[in-house]
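*Asks:*
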Amino acid sequence: MATIFAFFLFLFFLLWILKRSQKAAQKKTLPPKAGGAWPVIGHLHQLGGAKPAHITLGNMADKYGSIFTIWLGVHRAVVVSSWEIAKECFTTNDKAFASRPKAIATELMGYNYAMVGFAPYGPYWRHVRKIATLEVLSNHRLEMLKHIRESEVNTSVKEMYELCVKNRDMFVEMKRWFGCITLNVVFRMVVGKRFDHGAAAEDEDEGNRRCREALRDFFELTGTFVAADALPYLRWLDLGGYEKAMKRTAKDLDRALEGWLEEHKQRKVSGDQANKGHQDFMDVMLSTVTDDGQEISNYDADTITKATCLALILGGTDTTTVTLTWALSLLLNNREVLKKAQEELDVQIGRERQVKESDMKNLVYLQAILKETMRLYPAGPLSVPHESMEDCTLAGYHVPAGTRLLVNISKIHRDPQVWSDPNEFRPERFLTTHMGVDVRGQHFELIPFGTGRRMCPGISFALQVMQLTLATLLQGFEIANPSDEAVDMTEKVGLTNLKATPLQVHLTPRLPAQDQSKAAPHPLQSTASACSPGAPVSQLRPRLAVQGPRVFDLSPKTTPELLPGITRYRFRNFSVFRNMQALRGSIWLVRRQSISSLSSVNSKSNISRSAAAKFHGSSIGSLSKFSYRPAVSYTRIGSHAETSTASNNGIPLVSVACRSSRPDLFQWAAVMPPFIRRSFSTAENLVESASQDSSACVSDVAPRIKFKRLDKTAKHIMQILDKEAVEEVRAERTMPDIKPGYIVQLKVEVPENKRRVSILKGIVIARRNAGLNSTFRLRRLVAGVGVESLFPLYSPNIKEIKVLDKKKVRRAKLYYLRDKMNALKKQ
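Just so we're aligned: the sequence shown equals residues -21 to -1, 1 to 806 in mature numbering (1 follows the signal peptide of the UniProt record, and there is no 0).
1) Rounded to whole angstroms, what's the CA-CA distance from K350 to T411? Just pull it up for me.
2) Return helix, strand or coil for P436, following the three-state DSSP convention.
3) Going by the C-beta, is W(-6) closer than 7 Å to any heavy atom of the ligand FMN?
4) Are the CB atoms of L23 and S225 within a distance shorter than 8 Å?
5) Suppose you measure from the CA of R408 to the CA of L309; what does that come to, to the nearest Å?
6) Pull up the CB-CB distance for V418 and E424, whole angstroms please, since I reckon it's below 8 Å.
7) Whole angstroms are fine: how far does the CA of H413 sit from the CA of V326?
8) Which residue marks the beginning of the alpha helix (DSSP H) containing R155, and which one marks its end?
9) Given a cut-off of 8 Å, decide if I391 and P427 are closer than it, judged by their beta-carbon atoms.
10) Could you give the first and the last residue of the continuous beta strand (DSSP E) run that contains S737?
11) Where do the N-terminal and C-terminal ends of the alpha helix (DSSP H) with Y43 fall, by residue?
12) Starting from E242, trace the beta strand (DSSP E) in both directions and tell me its first and last residue.
13) Quick one: give me the first and last residue of the beta strand (DSSP E) that V378 is part of.
14) How is K726 classed by DSSP in three states: helix, strand or coil?
15) As an exercise, report each continuous beta strand (DSSP E) stretch of at least 3 residues that is fully enclosed by the region 16 to 98, in chain order.
16) Would you grab the beta carbon distance between G96 and G294 for me? Rounded to a whole angstrom, and I think it's under 8 Å.
17) May I ask you to report which of helix, strand or coil DSSP gives residue 816?
18) On the three-state DSSP scale, how would you describe H126?
19) I'd like the list of long-range same chain contacts for L210, defined as Cβ closer than 6 Å, with 5 residues on each side in sequence excluded.
20) By how many angstroms is the C-alpha of N118 removed from the C-alpha of L303?
21) Taking all protein chains shown into account, do 16 or more other C-beta atoms lie within 10 angstroms of the C-beta of D262, making it buried, or fewer, making it exposed?
22) Quick check on the DSSP output: the alpha helix (DSSP H) that includes D784 runs from which residue to which?
23) Kindly indicate which three-state DSSP category I328 falls into: helix, strand or coil?
24) In or out: P461 buried (at least 16 other Cβ within 10 Å) or exposed?
25) With a threshold of 6 Å on Cβ separation, who are the neighbours of N187 within its own chain once the five nearest residues in sequence on each side are excluded?
26) Quick check on DSSP: helix, strand or coil for T304?
27) How about F204 and G15: do their beta carbons lie closer than 8 Å?
28) Helix, strand or coil: which one does DSSP assign to N341?
29) Distance, Cα to Cα, I64 vs G44?
30) Is it the case that the Cβ atoms of V151 and L486 are separated by a distance below 8 Å?
31) Under 8 Å between the Cβ atoms of L373 and C143?
32) Per DSSP, what kind of secondary structure is T451 in: helix, strand or coil?
33) Using CA coordinates, which residue listed in D463, R120, G473, S130 is at the minimum distance from V198?
34) Following the continuous beta strand (DSSP E) through F456, name the residue where it begins and the one where it ends.
35) Out of curiosity, what's the CA-to-CA distance linking G256 and L116?
36) Output the distance between the C-alpha atoms of A13 and G171, rounded to the nearest integer angstrom.
What follows is the structure, given as structure tokens:
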């Protein structure tokens, strides 16, 4: 009996030792647990400080490794901070981690987990995800709604341009501006409505205002820590009153969505529905979701439609706004990158038109900037929590079912083993070492939109909006920081990676002209009403349709003001470009089209009212410059005017040659007339007083043009000649002896045309020897039209000057050649 008892006692002890060893072995295989946990609340006290959670978890990863365990109240969570382990999570264990944990916010404000982003894994989620991916957010559907994105971005830019023109000292809060664009784009695409945040915000519809406030509350409440999520047995207390606020927000959102849904239903029933090419997302959901699929879920069709549309609105607004704000902040702190981005826009798009969505494939550096922004500051630095549906093994560790998974995306994006200088903003890395890396979830070292089955389905839409918005902003405005200090890059605690301080910038219109037909007129149209009736050239019909010059009748209704006497003006290409919206380019030449006189002169001038100004019968003058970049170049135009007592009502017609994108092609447009005081600033005023003889004789020869020496900064921008440039040119080539009558051939490098070399051939009309500012005037034929240009002899842009023929031409014959160009025709 004693022997049997001893045997069973030994067997019991053996089984106890075996079970204990198994438990010990199982505990060892769990991911390491981070220290500092408190009873009941676990590690919540470490995540609830002023520092964002992803930074705190990143510091823990440095101490405990790339995978470790924390406790969020009663819930176990595994934190992953390595791209290799993240890849294992969303490939090998993708199905195991495909579900979402439950939370009070998504229950109360997400239609009881009906929103596709927060729904648990199962037949319902697969069904709604399929609809959102194939019907709503497909590439075909996004392409059909491209006009909405372009329209909203252009409208916002025009409104901003109008505000900048009215108030040049205004500072713009960019997060709000980006938010207005994205919210309007998303709402027009989802429900066909636009939310206007502009100056008329006080007249906004009450329903729209409440809806916008409810959306803001949704983001705030979703990112707020609720004690009942970590400790479910405290839910009945409603600590902080968050559950009550969530119910109120959910009611406001449902009221707005229900109203929009009823409008769409009535429009569908009445047959007043837009054609399929212009259907918004709610129209698509109404056509796709029916009550026939009750076996898939317990939600009715209206709930599914409202929940899915709400998910699209929430997913497409805040995250896009946050990324654009960080991108602009990084560009302001890295001015050389900003300059490169604008140079790429100038080369690939130019300044003749606004950038379009179809141009994005050519803006590789802009794409690299957005990739680098999402690497450094992803909109969601921590992934939306996943929950394991079954036991699995991760990086050699055992992960029990019900464990929550948090991927520290920000930590992965700054891994020094993957990214050299991980904390530096270097977009060039995506054009060199990481050229093939994209953000669509296939490269686990860069996953700002997540990856795996629960990856964000709106990646294409988000990238389209961000690229178009940022490209349009950089093309249209010069952006400056109000202070000399660097932009504060501190991150704020929240559901998304918010910037702690507002981003205020000063915007200056950058394009020489923009189409403002629907916005405020440009300064020339508002201040120089005597020059133009206000209609852009693009809206005028050609009066003369022939090969060669295109002439538009822009005759003003009132007499323009002209200064009597002899005056030399400095030309403002900024002003004339306002009236040449259809033919923008480098201003090259101004020529005379007809001879007329004016009947009166503005009473503010110092001459008698009976006097009138008229252009002399010879050419008005020549416009010249050292640089081919019209946005920054200074040019001068010489003109003759003489007083006259003629009472003719004729209007002088002046045409301006506009250099197009092709260096060998000129286009003509009439500006009627550009010589008004507000369009030109006086460089050298030789206006005769009223007591002088108003009929003074004026020579037929155009006045000699003087060149203004600019400062060193302008010299580098505009390539204005200086002593160093002269010495370089002299060292590179031998300067031929150029005299009037010589036929020469020039090889000119045009920076605005990708620095291609153009060959220009013509006859030298005149030469002015002035040392540093020596110039020669060249007359040549372009499409049968005589064009006269003035070139600086020592310009670095002139690569070669070759004399083709030497002709001894008398001065009288030379004037004849200016019109007939017989010598050039023989060449």
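In this text, a Cβ means the ideal position worked out from N, Cα and C, and glycines have one as well.
*Replies:* According to the data block:
1) Taking the sequence shown and counting its residues from 1, one reaches residue 350 at position 371. Taking the sequence shown and counting its residues from 1, one reaches residue 411 at position 432. Using only the alpha carbons, I get a separation of about 13 Å.
2) For the purposes of this step, residue 436 is taken as residue 457 along the sequence shown, with counting starting at 1. If DSSP states are grouped into helix, strand and coil, P436 belongs with coil.
3) This structure lacks the ligand FMN, and indeed carries no ligand of any kind.
4) To locate residue 225, count along the sequence shown from 1; it is residue 246. To locate residue 23, count along the sequence shown from 1; it is residue 44. For the sequence presented, residue 225 should be read as Met rather than Ser. The Cβ atoms of M225 and L23 do not sit closer than 8 Å to each other.
5) By one-based count along the sequence shown, residue 408 stands at place 429. By one-based count along the sequence shown, residue 309 stands at place 330. Cα-Cα distance, rounded: 15 Å.
6) On the sequence shown, residue 418 is found 439 positions in, with the first residue counted as 1. On the sequence shown, residue 424 is found 445 positions in, with the first residue counted as 1. That belief does not hold up - the Cβ atoms of V418 and E424 are roughly 11 Å apart, past 8 Å.
7) Walking along the sequence shown from the start, residue 326 turns up at place 347. Walking along the sequence shown from the start, residue 413 turns up at place 434. Straight-line Cα distance between these residues: approximately 24 Å.
8) Here residue 155 refers to the residue found at position 176 when the sequence shown is read from its first residue. Element bounds for R155: 153 to 169.
9) Within the sequence shown, numbered from 1, the residue matching residue 427 stands at position 448. Within the sequence shown, numbered from 1, the residue matching residue 391 stands at position 412. Inclusion of P427 and I391 in the CB contact set at 8 Å is not warranted, their separation being larger than that value.
10) By 1-based counting over the sequence shown, the position of residue 737 is 758. Note, S737: beta strand (DSSP E), 735 to 747.
11) For the purposes of this step, residue 43 is identified with residue 64 of the sequence shown, where counting begins at 1. According to the DSSP assignment, Y43 belongs to the alpha helix (DSSP H) that extends over 32 to 43.
12) Here residue 242 is taken as the residue at index 263 of the sequence shown, counted from 1. E242 -> not in any beta strand (DSSP E); alpha helix (DSSP H) instead, spanning 221 to 249.
13) Your numbering for residue 378 matches position 399 in the sequence shown. Element bounds for V378: 376 to 378.
14) Along the sequence shown, read from residue 1 onward, the residue named residue 726 stands at position 747. Looking at K726 - three-state DSSP - the assignment turns out to be strand.
15) Counting only runs of 3 or more, we get 46 to 51, 54 to 59.
16) Taking the sequence shown and counting its residues from 1, the one referred to as residue 96 is at position 117. Taking the sequence shown and counting its residues from 1, the one referred to as residue 294 is at position 315. The pair is a contact, with the Cβ atoms about 6 Å apart (cut-off 8 Å).
17) Here the chain covers residues -21 to 806 and nothing more, so residue 816 does not appear.
18) As a first step, residue 126 must be located in the sequence shown, where it is residue number 147. Reduced to three states, the DSSP call for H126 is helix.
19) Counting from 1 along the sequence shown, the entry for residue 210 is found at position 231. Once the five neighbours on either side are set aside, the close Cβ partners of L210 are G52.
20) By one-based count along the sequence shown, residue 303 stands at place 324. By one-based count along the sequence shown, residue 118 stands at place 139. Their backbone Cα atoms lie some 22 Å apart in a straight line.
21) Within the sequence shown, the letter at position 283 stands for residue 262. Buried, because 16 or more other Cβ atoms sit within 10 Å of the Cβ of D262.
22) By 1-based counting over the sequence shown, the position of residue 784 is 805. Where D784 is concerned, there is no enclosing alpha helix (DSSP H), although the beta strand (DSSP E) it sits in stretches over 777 to 784.
23) The residue labelled residue 328 in the question sits at position 349 within the sequence shown. Coil.
24) Translated into positions along the sequence shown, residue 461 becomes position 482. Residue environment analysis places P461 among the exposed positions, since fewer than 16 neighbouring C-beta atoms fall within 10 angstroms of its C-beta.
25) The residue you call residue 187 lines up with position 208 of the sequence shown. Answer for N187: F174, listed in chain order.
26) For this step, residue 304 is matched to residue 325 along the sequence shown. DSSP places T304 in helix when its eight states are reduced to three.
27) Against the sequence shown, residue 204 aligns to sequence position 225. Against the sequence shown, residue 15 aligns to sequence position 36. Not in contact: F204 and G15 (Cβ atoms no closer than 8 Å).
28) Position 362 of the sequence shown, counted from the first residue, corresponds to residue 341. In the structure shown, N341 sits in a helix (DSSP, three-state: H, G or I).
29) Position 85 of the sequence shown, counted from the first residue, corresponds to residue 64. Position 65 of the sequence shown, counted from the first residue, corresponds to residue 44. Computed Cα separation, rounded: 11 Å.
30) For this step, residue 151 is matched to residue 172 along the sequence shown. For this step, residue 486 is matched to residue 507 along the sequence shown. Taking 8 Å as the Cβ cut-off, V151 and L486 qualify as a contacting pair.
31) Here residue 373 refers to the residue found at position 394 of the sequence shown. Here residue 143 refers to the residue found at position 164 of the sequence shown. It is not a contact, given that the beta carbons lie outside the stated cut-off.
32) Start at 1 with the first residue of the sequence shown, and residue 451 comes out as number 472. Note: T451 maps to helix in three-state DSSP.
33) Counting from 1 along the sequence shown, the entry for residue 198 is found at position 219. Here the sequence assigns Phe to residue 198, which means Val is not the residue at that position. Nearest C-alpha to F198: G473.
34) In the sequence shown, residue 456 corresponds to position 477, counting from 1. Counting along the chain, the beta strand (DSSP E) containing F456 begins and ends at 456 to 459.
35) By 1-based counting over the sequence shown, the position of residue 256 is 277. By 1-based counting over the sequence shown, the position of residue 116 is 137. Only weak support exists for where G256 lies, its pLDDT of 49 falling under 50; the value from the coordinates is given anyway. Approximately 14 Å, taken between the alpha carbons.
36) The residue you call residue 13 lines up with position 34 of the sequence shown. The residue you call residue 171 lines up with position 192 of the sequence shown. Answer to the nearest angstrom: the Cα atoms are 49 Å apart.
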